[in-house]
Amino acid sequence: MKWSYLLFNNTKRGLMAKPRGPNKARSKKDLLELVRQLEANLEGEAVPSVPNVKWTDAMVKCLLACRFETNKKYFYGNKSKAQLVAAWERTALLFNLKLMTVIKVPKLKNKFQAVKSEFSTLRWSMDKETGNATE
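Taking our numbering, the leading residue of the sequence shown gets 1, the next gets one more, and so forth.
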């Protein structure tokens, strides 16, 4: 007998042996079980969300100082996504240490974008003013 015949036909499934390694395919039974678990999770309680943060002026000033003064060298220039993630993590760490809070990176980034957008809107509206007060 050939060695390949013995190798493949000594398994329970013959030539359909389960692949091994990181690209291991899941069986239909495993996939059905996974779908059942996901549906059960949807019917159950929702995952608790992160509580809202009450932003004060001091917190916004600290965020802007951490972003534009202390960590500005990590943001300027062409940066990869990994470098920007590391820069935001560094900014969040510094912000949380200064204010003794625990605010995650996405919340800080969202607040920064909101402040930046508000600043742009105010700046744009100030540029449109002519200085002639009309009533």
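Just so it is clear, CB atoms sit at the ideal spot from N, CA and C, and this is done for glycine as well.
Helix, strand or coil, according to DSSP, for residue i in the structure here?
i: residue 35; result: helix
i: residue 57; result: helix
i: residue 72; result: helix
i: residue 52; result: coil
Where does residue i land, buried or exposed, given buried means 16+ other C-beta within 10 angstroms?
i: residue 9; result: Note that residue 9 scores a pLDDT of 48, beneath 50, so its modelled location is shaky; the value from the coordinates is reported in the next line. The residue in question, residue 9, is exposed, as its Cβ has fewer than 16 Cβ neighbours within 10 Å.
i: residue 91; result: buried
i: residue 36; result: exposed
The ligand FAD heavy atoms versus the CB of residue i: any closer than 7 Å?
i: residue 124; result: With respect to the ligand FAD, the structure shown offers nothing to examine, as it has no ligands at all.
Please identify the residue among the options whose C-alpha is closest to the C-alpha of residue i.
i: residue 113; options: 30, 67, 41, 31; result: 67
i: residue 54; options: 126, 106, 111; result: 111
i: residue 64; options: 38, 102, 88; result: 88
i: residue 56; options: 30, 126, 115, 120; result: 115
i: residue 85; options: 105, 70, 95; result: 105
What are the uninterrupted segments assigned as alpha helix (DSSP H) that are 4 or more residues long and contained completely in the stretch 81–124, given in chain order?
81–99
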